[in-house]
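Take a look at the structure below.
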Amino acid sequence: MIKRFTDLLELEPPHWLIDPFCVDAPTVPLYLQEELMDLQSDCEEKAHFTMMGMNDFGLQSQDEIHFPICENKESTGELADTNFPKIDGLFSESEKSSKLLSWILYHEENTIVDRYSDGAKEYEDITTKLEYRGPTIGTRIFIKFLEQMFSKECNILDLGAGTGICGELLKSAGYINMTAIDLSVSMLEQAKKKGIYKAVVQKDLNEDSLDEFEGQFNAVICIGVFFPGQVEPQAIDKILGVMKPGGILSFTIRTEFYDNEALGYKTKCESLQKEGKLKQLSSEIDTLIGKIDKDAYYLTLQKV
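1 is the number of the first residue of the sequence shown in the UniProt record's numbering; add one for each residue after it.
Below, the structure written as structure tokens:
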């Protein structure tokens, strides 16, 4: 926990920008942040990514970044099975949701598995309030290609399924043979309650093998998953492995992440196309999260 401004000097990015919920947190002038970034030249990309994330979620106000106070169940001495923070009443519902989603995506005191697990029950409420449109837009595009190429009985993998938002949309369109994979067991527990998947499986796309699913799926949907620090570009190779020849992959990625060649997502996709392993069927830019006003690529690729 960051308690003093001097603590910032002891931490490498993204920690010194990423603890928006600590008590007695400092207000850090932008010029000091820039000096700290210079001191952390070996972590420049990471720091830049962190700044983008903090800005997205309203944690920068003109000349300063203010880390708001929040109350955590653990710090109050209450018995709790989650570390998910509670924001005080000074913020609107939209602002609270924005800060909570920021905590899930960026907070570094807990692992990404823990953060998604702690936020599993609140996740859909948070994303609804922020007008998270990725699942709706992405699934609509995905279904367009499914209808052109496959029957309703095709095998679909919902990769990074979370609480099953995309799965619900697919089921309402008549698709029933769906498998869900996600990093968080708690998120999958929420998805399993909906009764829409024939199987739910916990996997880390960066670390775990998907060999048990080799060549099984006609189509893979992957919404809100490709994200620096969450799922790396190399995971696309694993996804290709679980697809049947002629199968399709639809996924989203924020425009600034895809267009940033240093992050490697665009380079990976272009490399696989040059190697003749994938071909691009469509690329659209549309809103990802309405309240944050950020766009994403909605890409659909086919395994050759």
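Positions of the beta carbon are idealized from the N, C-alpha and C atoms, including for glycine.
Note down, in chain order, each residue of its chain lying with its Cβ closer than 8 Å to the Cβ of Ile-141, except the 5 sequence neighbours on either side.
Your numbering for residue 141 matches position 141 in the sequence shown. Taken in chain order, the residues that qualify are Ser-250, Ser-282, Glu-284, Tyr-298 and Thr-300.
Close beta carbons around Asp-295, own chain, < 7 Å, minus the five adjacent residues each side
Within the sequence shown, numbered from 1, the residue matching residue 295 stands at position 295. Within the same chain, Asp-295 has close Cβ partners Thr-255, Ile-285, Asp-286, Thr-287 and Leu-288.
Are the Cβ atoms of Pro-233 and Lys-268 separated by less than 7 Å?
Residue 233 sits at position 233 when you count from the first residue of the sequence shown. Residue 268 sits at position 268 when you count from the first residue of the sequence shown. The answer is yes: Cβ separation under 7 Å.
Going by beta carbon distance, what residues of the same chain come within less than 7 Å of Lys-198, once the five residues before and after it are set aside?
The residue given as residue 198 occupies position 198 in the sequence shown. Excluding sequence neighbours, Lys-198 sits near Asn-177, Met-178 and Thr-179.
If distances are taken between C-alpha atoms only, which option among Phe-217, Cys-222, Gly-164 and Ile-223 comes closest to Gly-246?
Taking the first residue of the sequence shown as 1, we reach residue 246 at position 246. Measuring from the Cα of Gly-246, the nearest candidate turns out to be Phe-217.
I'd like to know whether the C-beta atoms of Gly-134 and Ile-221 end up nearer to each other than 7 Å.
Taking the sequence shown and counting its residues from 1, one reaches residue 134 at position 134. Taking the sequence shown and counting its residues from 1, one reaches residue 221 at position 221. It is not a contact, given that the beta carbons lie outside the stated cut-off.
Just verifying my parser: in three-state terms, what is the DSSP assignment at Glu-256?
Position 256 of the sequence shown, counted from the first residue, corresponds to residue 256. In the structure shown, Glu-256 sits in a helix (DSSP, three-state: H, G or I).
Kindly indicate which residue of Gly-241, Ala-262 and Gly-167 has the alpha-carbon position closest to the one of Lys-277.
Reading the sequence shown from its first residue, position 277 is the one you call residue 277. Taking the Cα of Lys-277 as reference, the smallest distance to any Cα among Gly-241, Ala-262 and Gly-167 is reached at Gly-241.
Pro-68 (DSSP reduced to helix, strand or coil):
Position 68 of the sequence shown, counted from the first residue, corresponds to residue 68. Note that Pro-68 scores 34 on pLDDT, short of 50, meaning its location in the model is unreliable and no value can be drawn from it.
Using CA coordinates, which residue listed in Lys-194, Ile-236 and Gly-195 is at the minimum distance from Asp-208?
Position 208 of the sequence shown, counted from the start, is the residue given in the question as residue 208. With distances taken between Cα atoms, Asp-208 lies closest to Ile-236.
Excluding the 5 residues preceding and the 5 following Gly-215 in the sequence, name in chain order all residues of the same chain whose CB lies nearer than 6 Å to its CB.
Counted from its first residue, the sequence shown places residue 215 at position 215. Lys-244, listed in sequence order.
Considering just the uninterrupted stretch of the beta strand (DSSP E) at Glu-284, what are its terminal residues?
The count along the sequence shown starts at 1 and reaches residue 284 at position 284. 278-289 is the span of the beta strand (DSSP E), which, as asked, contains Glu-284.
Using the three-state DSSP reduction, which class does Ile-196 fall into: helix, strand or coil?
For the purposes of this step, residue 196 is taken as residue 196 along the sequence shown, with counting starting at 1. Ile-196: coil per DSSP, three-state reduction.
DSSP-derived helix/strand/coil call for Gly-247
Reading the sequence shown from its first residue, position 247 is the one you call residue 247. Residue state, collapsed to three classes: strand.
Quick one: measure Cβ to Cβ for Ile-248 and Gln-302, integer angstroms, because I've assumed they're closer than 8 Å.
Start at 1 with the first residue of the sequence shown, and residue 248 comes out as number 248. Start at 1 with the first residue of the sequence shown, and residue 302 comes out as number 302. Approximately 5 Å separates the beta-carbon atoms of Ile-248 and Gln-302; this is inside 8 Å, confirming the contact.
Selection from Asp-158, Lys-238 and Lys-194 that minimises the alpha carbon distance to Asp-211:
For the purposes of this step, residue 211 is taken as the residue at position 211 of the sequence shown. Among Asp-158, Lys-238 and Lys-194, the Cα nearest to that of Asp-211 belongs to Lys-238.
So the candidates are Lys-266, Ala-173, Asn-155 and Leu-130; which of them puts its Cα closest to the Cα of Phe-226?
By 1-based counting over the sequence shown, the position of residue 226 is 226. It is Lys-266.
Please name the residue in Glu-189, Val-185, Gly-160 and Ile-196 whose C-alpha comes closest to that of Val-231.
For the purposes of this step, residue 231 is taken as residue 231 along the sequence shown, with counting starting at 1. Val-231 has its Cα closest to that of Gly-160, out of Glu-189, Val-185, Gly-160 and Ile-196.
Determine the direct distance from the alpha carbon of Cys-166 to that of Ile-137, and round the result to whole angstroms.
For the purposes of this step, residue 137 is taken as residue 137 along the sequence shown, with counting starting at 1. For the purposes of this step, residue 166 is taken as residue 166 along the sequence shown, with counting starting at 1. For Ile-137 and Cys-166, the distance between alpha carbons rounds to 10 Å.
Look at the alpha carbon of Asp-182 and the alpha carbon of Lys-171, and state the distance between them as a whole number of angstroms.
To locate residue 182, count along the sequence shown from 1; it is residue 182. To locate residue 171, count along the sequence shown from 1; it is residue 171. Cα-Cα distance, rounded: 18 Å.
Determine the DSSP secondary structure at Leu-210, reduced to helix, strand or coil.
What you label residue 210 is simply residue 210 of the sequence shown in a count that begins at 1. Leu-210 sits in coil when the DSSP states are folded into three classes, being neither helix nor strand.
Report all residues from its chain with a CB closer than 6 Å to the CB of Phe-213; omit the five preceding and five following residues, and keep chain order.
Locating residue 213 in the sequence shown gives position 213, where the first residue counts as 1. Contacts found: Val-242.
Alpha-carbon spacing of Lys-192 relative to Phe-145, whole angstroms:
Position 192 of the sequence shown, counted from the start, is the residue given in the question as residue 192. Position 145 of the sequence shown, counted from the start, is the residue given in the question as residue 145. Their Cα atoms are separated by approximately 26 Å.
Just how far apart, CA to CA, sit Lys-152 and Asp-158?
As a first step, residue 152 is located in the sequence shown; it is residue number 152 there, counting from the start. As a first step, residue 158 is located in the sequence shown; it is residue number 158 there, counting from the start. So the alpha carbons of these two residues sit roughly 15 Å apart.
Neighbourhood of Lys-279 by C-beta, 8 Å cutoff - its chain only, sequence neighbours within 5 removed
Here residue 279 corresponds to residue number 279 of the sequence shown, with the count starting at 1. Gln-273, Leu-301, Gln-302 and Val-304.
Figure out for me which residue from Ile-196, Gly-195 and Leu-188 has the closest Cα to the Cα of Lys-203.
As a first step, residue 203 is located in the sequence shown; it is residue number 203 there, counting from the start. For the residues Ile-196, Gly-195 and Leu-188, the minimum Cα distance to Lys-203 belongs to Leu-188.
Grab me the residues of residue 346's own chain with a C-beta within less than 8 Å of its C-beta, minus the 5 sequence neighbours each way, in chain order.
This structure cannot speak to residue 346, because the chain is shown only from 1 to 304.
Please state whether DSSP places Val-231 in a helix, a strand or coil.
In the sequence shown, counting from the first residue as 1, residue 231 sits at position 231. Looking at Val-231 - three-state DSSP - the assignment turns out to be strand.
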